[in-house]
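Protein chains: 2
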Amino acid sequence: MDVSPGLRERKKERTRLRIHRAALRLVVEHGLDAVTVEEIAAGAEVSRRTFSNYFAGKEDACLYGDAAHMDDFLATLRARPAHESAWTALRATARTVHAARDLSPDREWVQTTRLALKHPALLGRRLAGRQGFLRETTALLGGRTLPAGMHRPGLLASVFLSALLHGLHEWTEEGTGPLDEVVEAALDEVGAAFTDPAPPP
Amino acid sequence: MDVSPGLRERKKERTRLRIHRAALRLVVEHGLDAVTVEEIAAGAEVSRRTFSNYFAGKEDACLYGDAAHMDDFLATLRARPAHESAWTALRATARTVHAARDLSPDREWVQTTRLALKHPALLGRRLAGRQGFLRETTALLGGRTLPAGMHRPGLLASVFLSALLHGLHEWTEEGTGPLDEVVEAALDEVGAAFTDPAPPP
DNA sequence: CGCAAATATGCCTTACAGGCAATTTTTCAG
DNA sequence: CTGAAAAATTGCCTGTAAGGCATATTTGCG
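Going line by line, the protein sequences match chains A and B.
If you use the working numbering, the first sequence corresponds to residues 23 to 223, in order.
If you use the working numbering, the second sequence corresponds to residues 23 to 223, in order.
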């Protein structure tokens with residue numbers, strides 16, 4: 023018997039994922055407003071009431087994958103060598119997570135993003151969720167060196183995140199080339215101003 | 023009789039404001055979840071149904087002031103001289119709007135921010151609303167020169183906005199010194215990296 | 001096996017968004 | 001000034017949602 027995450031926990035997680043997938047599938051197909059919570063519950067083969075035990079609403083159910091994505095990011099960032107500067111660590115983390123994700127069936131991230139850009143309700147939840155992520159990230163930046171002239175780790179995290187999201191959105195809307203490249207380009211464009219040694223004179 | 027914005031429109035606007043104020047007052051006092059739409063409507067002396075004619079929910083009612091704030095910003099930005107660089111124009115607009123607002127009874131902006139940081143539902147709506155703002159801002163940046171190495175006006179707008187919000191949040195949470203100064207400091211900290219490519223005179 | 005804890009489900013109440021139609025208010029032309 | 005058109009307010013109503021509470025079911029463990 024697995025005791026690592028607890029056998030019970032694993033079943034819970036599987037259920038959560040089933041609900042999430044059902045939600046995503048139905049909403050992608052019919053639109054957010056044309057799908058009821060009952061339908062999602064049915065699609066996941068749980069009762070309406072059980073749905074509410076797992077998620078506060080269909081929006082949260084749809085965006086669960088995004089939360090996992092952010093957790094990945096935080097775990098990876100936590101593992102970066104302590105001597106790296108703040109920006110370098112963030113940058114490297116993004117690269118690592120993207121590389122790992124783009125191979126796996128993570129077309130989902132794009133799906134979710136497209137949905138979020140289409141449905142304000144989703145976008146809102148998504149962005150609200152990133153606030154907590156921002157806090158965590160800021161905390162993990164403690165002790166790392168900041169770019170010249172920077173004193174606020176939270177500000178750096180904030181700028182980093184907004185660049186990341188800009189890349190994601192730009193690609194989702196215009197679909198030019200591979201996703202990675204657009205995101206990386208956006209990060210580099212901002213990063214040029216934040217490289218560690220000193221910004222170009 | 024005023025015909026400037028139309029007499030009818032002005033009454034509508036007054037009603038909208040009354041609802042907004044009632045919502046804000048009640049939510050600040052009792053918390054978002056402890057206030058029903060009916061109570062807000064009663065507080066504004068309109069019917070429950072009329073509330074729905076003006077706002078899609080209590081969150082929107084609370085955040086109406088924020089929308090006005092963003093409109094102010096856009097109007098001011100639109101009026102900046104065309105020869106200014108993108109960052110300079112943004113920076114100047116922020117200064118102007120803050121100066122104009124801080125004298126007026128705009129304690130409300132802070133109230134709203136505090137509320138938003140307390141209630142995820144509010145934060146979400148607020149952030150979703152800023153997405154449209156971002157688009158407009160990006161459009162207004164067209165034709166202006168960007169910092170060296172920058173090609174994406176939308177990226178610049180995004181970074182600018184995130185710095186602005188970071189300042190606002192930092193101040194709201196830690197309350198160190200005057201609001202203006204914290205926001206300006208955050209903007210300057212990022213701006214140092216984005217000063218115009220123009221050679222010094 | 002058999003009990004205790006965690007989980008799933010059903011029922012129920014409150015709340016909310018928005019369609020529709022009737023009613024009142026505002027505007028404007030004659 | 002007056003009456004009709006336009007717009008706004010309101011009430012009624014329906015479908016949907018969130019979550020408390022109690023019960024049944026499943027799971028973990030001695």
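The C-beta atom is built at its ideal place from N, Cα and C for all residues, glycine as well.
Contacts that residue i makes with chain B (C-beta to C-beta distance below 8 Å)
i	result
P21(A)	There is no way to answer for residue 21(A), as the model of chain A reaches only from 23 to 223.
E211(A)	G171, M172, H173, R174, L177
A56(A)	Under the 8 Å cutoff, chain B gives no residues; its nearest Cβ is about 18 Å from A56(A).
A208(A)	R174, L177
Q133(A)	Residues of chain B passing the Cβ test: none, with the nearest at roughly 18 Å.
Interface partners of residue i on chain A, CB under 9 Å
i	result
R113(B)	Residues of chain A passing the Cβ test: none, with the nearest at roughly 15 Å.
Close Cβ partners of residue i (< 7 Å) along its chain, the five nearest in sequence each way excluded
i	result
A179(A)	L156, T159, T160, L163
I41(B)	I62, A66, V68, F73, Y76, F77, A83
A44(B)	I62, G65, A66
A89(A)	G151
L168(B)	A108, P175, L178
E81(A)	A143, L144, R147
M23(B)	Residue confidence is low: M23(B) scores 37 on pLDDT, short of 50, so the model does not pin down where it sits. Its coordinate-derived value is still stated next. These residues qualify, in order along the chain: L29.
E196(A)	none
Reference residue i; option with closest CA among the options
i	options	result
L139(B)	D93(B), H105(B), A207(B), L85(B)	L85(B)
G65(B)	D55(B), V49(B), L149(B)	V49(B)
D93(B)	T110(B), E81(B), R123(B), E196(B)	R123(B)
L186(B)	T198(B), A89(B), H141(B), R117(B)	R117(B)
L137(B)	E51(B), E31(B), R32(B)	E51(B)
M172(B)	W109(B), E203(B), E196(B)	W109(B)
Per-residue contacts from residue i into chain A (C-beta, under 7 Å)
i	result
S107(B)	Per Cβ cutoff of 7 Å: no residues; S107(B) is ~15 Å from chain A at best.
A214(B)	G171
S74(B)	Going along chain A, no residue has its Cβ under 7 Å from S74(B), so there is no contact; the nearest lies around 16 Å.
A150(B)	P142, L145, G146, L149
E158(B)	What E158(B) touches in chain A: nothing, since even the nearest Cβ is about 15 Å away.
Sub-8 Å separation of residue i and residue j beta-carbons
i	j	result
L209(B)	R148(B)	no
R166(B)	S107(B)	yes
V57(B)	L177(A)	no
L201(A)	V132(A)	yes
L144(A)	L54(A)	yes
V205(A)	H91(A)	no
A215(B)	A215(A)	yes
Sequence-distant residues of the same chain with beta carbon closer than 8 Å to residue i, five excluded per side
i	result
T135(B)	L190, H191, T194
A104(B)	G165, R166
T115(B)	F95, T98, L99, R102
P223(B)	Only weak support exists for where P223(B) lies, its pLDDT of 47 falling under 50; the value from the coordinates is given anyway. Hits under 8 Å: none found.
D188(A)	Here the sequence assigns His to residue 188(A), which means Asp is not the residue at that position. Around H188(A): A208.
V25(A)	Any answer about V25(A) is weak, because its pLDDT of 46 lies below 50 and its placement is not dependable; what the coordinates show is given next. Answer for V25(A): no residue qualifies.
E203(A)	none
Neighbouring residues, chain A, relative to residue i (Cβ below 8 Å)
i	result
S180(B)	S184, A185, L187, H188
Same chain, Cβ closer than 6 Å to residue i, five either side skipped, listed in chain order
i	result
P221(B)	Its pLDDT being 45, under 50, P221(B) is placed unreliably in this model, and the value from its coordinates should be taken loosely. The answer is none, since no qualifying residue turns up.
R13(B)	Given that chain B is displayed from residue 23 to residue 223, the structure contains no residue 13(B) and the question cannot be resolved.
R38(A)	Y76
T198(A)	none
K34(B)	none
Whole-angstrom C-beta distance between residue j and residue i, which should lie under 8 Å
i	j	result
V181(B)	S184(A)	6 Å
E130(A)	G79(A)	Contact doesn't hold; Cβ gap of about 19 Å is too wide.
G146(B)	G146(A)	3 Å
P142(B)	A150(A)	5 Å
Contacts that residue i makes with chain B (C-beta to C-beta distance below 7 Å)
i	result
A89(A)	In chain order: nothing, as chain B lies at least about 13 Å away.
Contacts that residue i makes with chain B (C-beta to C-beta distance below 9 Å)
i	result
E192(A)	R174, G176, L177
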